[in-house]
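Chains as they are written, first to last, in our numbering: chain A, 1122 to 1413; chain B, 37 to 381; chain C, 203 to 454.
These notes are about the structure you will find just below.
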Amino acid sequence: MSDPTVRPAMPTVSLLRRMIDGLATAVAAGSVLLVLLPLIAIFGYLVYKGFGALNWTFLTQTPKPVGEAGGGMANAIGGSMLILGIASILGVPLGIGAGIYLAEYGRGHFGDLIRFTADVLNGVPSIVIGIVGYSIIVLTQKHFSALAGGVALAIMMVPTITRATEEMLLLVPIQVREAAYGLGVARWRTTISITLRTATSGVITGVMLAFARIAGETAPLLFTAFGNQYWNWRINQPTAALPLQIFTYAISPFDEWHRQAWAGALILIVLIVVAVTAVRIAAARGMVKGVI
Amino acid sequence: MANRAWGAPQLSGPELLPHERVSDRAARGQSALLIPEKSSRWADGAFHAAMWACAGAILLVVALIVYELMSNGELAWHAFGWKFFVRRDWDPVNNQFGALPFIYGTIVSSLLALIISVPLAIGVAVFITEMSPIWLRGALAFTTELLAAIPSVIYGLWAIFVLVPLLRQYLEPLMGRYLSWTGLFAGTPYGIGMLAAGVILAIMIIPIISAIAREVMTAVPQQQREGVLALGATRWEMIRMGVLRNARAGIVGGIILGLGRALGETMAVTMVIGNRAEITKSLFAPGYTMASVIANEFSEATGDLYLSSLVEIGLALFLVTIVVNVLAQFLVWTVTRGTPRRTNV
Amino acid sequence: MGVAIEVEHLNAWFGSTQALKDISMHIAANHATAIIGPSGCGKSTYVRCLNRMHETVPGARAEGRVRIGDLNIYNGTSATQVRRRVGMVFQKPNPFPTYSIYDNVAAGLKLNGFRDRRRLDEIVERSLRQAALWDEVRDDLRKKSGSSLSGGQQQRLCIARALAVQPQVLLMDEPASALDPISTGKIEELIFQLKENYTIVIVTHNMQQASRVAEFTGFFLLGELIEFDRTEKIFTNPADKRTEDYITGRFG
């Protein structure tokens, strides 16, 4: 077909082939609509049911005993913050440190082993992480605790942060590192103050994505944090968490609790969507300004 | 030749004129160093060791997971051996435990999810990468990603109150009327059951499969598309022959990754599958999965053998998801390895 | 004040490939010495051996004796110690992207633990003046990032950054190759002024540039130092046939 004057006998595309083409386009567009449908339905219900049940009491009070109206999830929101705080304190430095190792020193077999292990860890079902949190913390401490929940969630955070950090550090041009070496800046100092700093926006994106992922996790908390009807700020005591409370209320037989489950879900999803969207905007700007 | 006494031998270079010679002593006197010249070797070593420890912690955690699962599951292993995975009875009262109903439920609900989600996910990926107008592309990609950000427990909540009633009142009676001869869609339409679990899992894994499919389809070189188009192909023929064929292995990888997620998914499934340790042909009937039996019974398990059996189910789940994920990543890698990889140092 | 550099039997490798073969060379203090040669001849590798930058490339190593003033850099000295005495300007301007102009210049001192703010201000101003950039950036020192400047300004910023740590030697690896003619002119003018106080080694693929800025010129070919002499001698009456072939444009 290099010579345009000698065309094979294919002057027009046949009607049948054009119809198939149109049909394929319609099917693909249709599947997009079909996938968007549950998304819209879920958000629609969350807003519709959630807003109806959301009020000041819900945000400020602890649960009332079964049968009594009112009460809220204040302690679950606080408990979630406690558990997520513990998870972040443990998981973020560890994940970033491992990412630094992979990007700066991890060219050998040990680096490959860590990359592989991080990917394995990323695929471990969250319920299994829950079992491990139970056996290493709950069994040794002899009771459920916010700490056990935090450790379980930290384990889930690490691989995401590690791989994101590695990727972002590798985006920093070698010339920028060399500039620092050329000034006699020590290697560790270059890594922290130049390379990591240049990649900051990307690393924050990774951290926020990991955070959004664990914020809604329920399975690893079932037998670690366990849940609590009351306020608790001590890390060695059973602690309520928003996703746990949603689960308990959703499978209960009480209408009042169902309403509160929707309200809790609305708050949870708003937190996560805000985090994810903020990260996307930051990343879109950061790619232009931060790296390069 | 050299302007110094400490005796460099024959250095190549021109003879210096007197004004070109500057004694080092004079130079040293004038440029005092601003910063102390201390070696950074110790600090560099300590930093390297600290980062190595962080990386090693990942290895340690995975080793710990394996160790805890094996040591806590040992009791069940000793009691039942391999038979544990083919025994059908789950009877805590008489201390008889077999994992078959859960394995069955896990496999059936995951396969059901794949059957529903794969065509949709590929359709979405094809539309976004090959058909959608550019301005819509980012928005659609973001929206499908959002589906992945919704927590499992919220899917479960929505499924209990919206999806299950929908299935019970409309879809299941309809399917029962026309498809009951297959045996798969027979019996009382409870709403809650295997079918509900499969549908909610399908919704949850669509974004995973379509994200990977998009990635590998984007990795297919532009020449492949142009080559097919140059033969006079329509757009669909170009997609089918130029894109899908080349991205095949990677798309299969994405599907397997979705399968890995479905196998381990806990909360949403637990909330709608009905939690009954039985093997029933009909998809309308309640079932149980490996993940959901752990979620439901772990904190209430009385007796060491009961607990140990649950841990052994966890161990099996862990091993299966590892194999599935490694396989998936290998397949995705075979397609994307050609695309330029960033290099360092 | 600059110091002299003495190089004896310097060999360098990338993995198993030898990039420099037995280089011996005496570089005079407070003058500019140009390194020329076709691409791949080892001239970049050579200057990167003078501040132990070569060894940052995985698998790369160097052997031999290099004295910078009284410091024997391949014998018991740490690389960071060497690099604090030897400033380097790279082929492509490489300011720290997230740092302000001020912080770029101050980076070498701050990151090495220098804390005296008042003196830092003085040094930043003096370095930017030396690099002929002060008048263009004095109002945006802390407002603008280093990467927001034009290419020519960025390169002068990088020179200011190197000068701020008060090195004795300034290595320049094709500092103007990525710049427009006007910026190149400014950089050359700058080199002229800087060699009053610094020993300068400049790698260049541009022979006119070598003859404009350097008193001495060394010609490298395939990892060997073919000829090293006064610049005018190299360009008017080279001793080696290969040097003559190169400067008359017969290869490279």
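All C-beta atoms in this analysis are idealised placements derived from N, C-alpha and C, irrespective of residue type, glycine included.
Note that the structure is a prediction, hence the values are computed from the model and not measured.
{"Item": "Cβ-based burial, Phe178 of chain B [other Cβ within 10 Å; buried from 16]", "Value": "exposed"}
{"Item": "Rounded straight-line distance, which links the Cα of Leu212 of chain C to that of Arg267 of chain C", "Value": "6 Å"}
{"Item": "Residue range of the alpha helix (DSSP H) that includes Leu1242 of chain A", "Value": "1230-1244"}
{"Item": "Other residues of its chain near Leu311 of chain C: CB distance less than 8 Å, five sequence neighbours each side excluded", "Value": "Leu322, Ile325, Ala366, Val367"}
{"Item": "Whole runs of the beta strand (DSSP E) within the region 389-420 of chain C, excluding any shorter than 3 residues", "Value": "401-405"}
{"Item": "Backbone secondary structure at Thr219 of chain C - three-state DSSP", "Value": "strand"}
{"Item": "Spatial distance of Thr357 of chain B from Met240 of chain B (CA atoms)", "Value": "17 Å"}
{"Item": "Ala1271 of chain A (DSSP reduced to helix, strand or coil)", "Value": "A quick correction: the sequence has Gly, not Ala, at residue 1271 of chain A. Residue state, collapsed to three classes: helix."}
{"Item": "Spatial distance of Thr302 of chain B from Val189 of chain B (CA atoms)", "Value": "9 Å"}
{"Item": "Inter-residue Cα distance where the pair is Gln220 of chain C and Gly242 of chain C", "Value": "12 Å"}
{"Item": "Glu1225 of chain A at chain C interface by Cβ criterion, 8 Å", "Value": "no"}
{"Item": "8 Å Cβ cutoff, Pro225 of chain B in contact with chain A", "Value": "no"}
{"Item": "For Thr254 of chain B: DSSP bridge partner residues", "Value": "In DSSP, Thr254 of chain B forms no bridge with anything."}
{"Item": "Trp88 of chain B - partner residues in DSSP beta bridges", "Value": "Answer by DSSP bridge pairing: none, since Trp88 of chain B is not bridged."}
{"Item": "Residues of the region 425-451 of chain C whose Cβ lies closer than 9 Å to any Cβ of chain A, in chain order", "Value": "none"}
{"Item": "Simplified DSSP state of Gln66 of chain B, which is helix, strand or coil", "Value": "The predicted position of Gln66 of chain B is uncertain, since its pLDDT is 43 and thus under 50; no value can be drawn from it."}
{"Item": "Short CB-CB distance (under 8 Å) between Ala230 of chain C and chain B", "Value": "yes"}
{"Item": "Positions along the region 1374-1390 of chain A whose CB lies within less than 8 Å of some CB in chain B", "Value": "His1379, Ala1382, Trp1383, Ala1386, Leu1389, Ile1390"}
{"Item": "Contact set for Pro1364 of chain A: own chain, Cβ-Cβ below 6 Å, skip 5 residues either direction", "Value": "Gly1337, Thr1339"}
{"Item": "Chain-order list of residues whose beta-carbon lies under 7 Å from that of His256 of chain C (same chain, five-residue window excluded)", "Value": "Ala214, Thr247, Arg250, Ala262, Ala264"}
{"Item": "Outcome for Gly1100 of chain A when other beta-carbon atoms lying within 10 angstroms are tallied against a minimum of 16", "Value": "With chain A running from 1122 to 1413 in the structure shown, residue 1100 of chain A is simply not present."}
{"Item": "For Val279 of chain B and Leu319 of chain B, the rounded distance between their alpha carbons", "Value": "36 Å"}
{"Item": "Thr1316 of chain A beta carbon near the ligand SAH (any heavy atom closer than 7 Å)", "Value": "Looking for the ligand SAH in the displayed structure turns up nothing, as the structure carries no ligands at all."}
{"Item": "Burial state of Asn439 of chain C (16 or more Cβ within 10 Å)", "Value": "exposed"}
{"Item": "Chain-ordered neighbours of Arg1318 of chain A on chain C, where CB pairs are closer than 7 Å", "Value": "Thr300"}
{"Item": "Separation of Arg77 of chain B from His407 of chain C, as counted between CA atoms", "Value": "36 Å"}
{"Item": "Three-state secondary structure assigned by DSSP to Ser280 of chain C", "Value": "coil"}
{"Item": "Short CB-CB distance (under 8 Å) between Arg284 of chain B and chain C", "Value": "no"}
{"Item": "Beta carbon proximity, Arg312 of chain B to chain C, threshold 8 Å", "Value": "no"}
{"Item": "Residues, ordered as in the chain, of the region 252-273 of chain C that lie near chain A by beta-carbon distance below 7 Å", "Value": "Asn253, Met255, Thr258, Pro260"}
{"Item": "Supposed close pair Leu316 of chain B, Gly310 of chain B - CB separation, criterion 8 Å", "Value": "Reading off the sequence, residue 316 of chain B comes out as Thr, not Leu. Contact doesn't hold; Cβ gap of about 10 Å is too wide."}
{"Item": "From A:Val1134, A:Leu1137, A:Val1395, residue whose alpha carbon lies closest to that of Leu182 of chain B", "Value": "A:Val1395"}
{"Item": "DSSP-derived helix/strand/coil call for Met1277 of chain A", "Value": "helix"}
{"Item": "Contact set between the region 1156-1167 of chain A and chain B, restricted to residues whose Cβ is under 9 Å from the partner", "Value": "Val1156, Leu1157, Pro1159, Leu1160, Ala1162, Ile1163, Phe1164, Tyr1166, Leu1167"}
{"Item": "Within-8 Å CB hit, Ile1210 of chain A to chain B", "Value": "no"}
{"Item": "Three-state secondary structure (DSSP) of Leu351 of chain C", "Value": "coil"}
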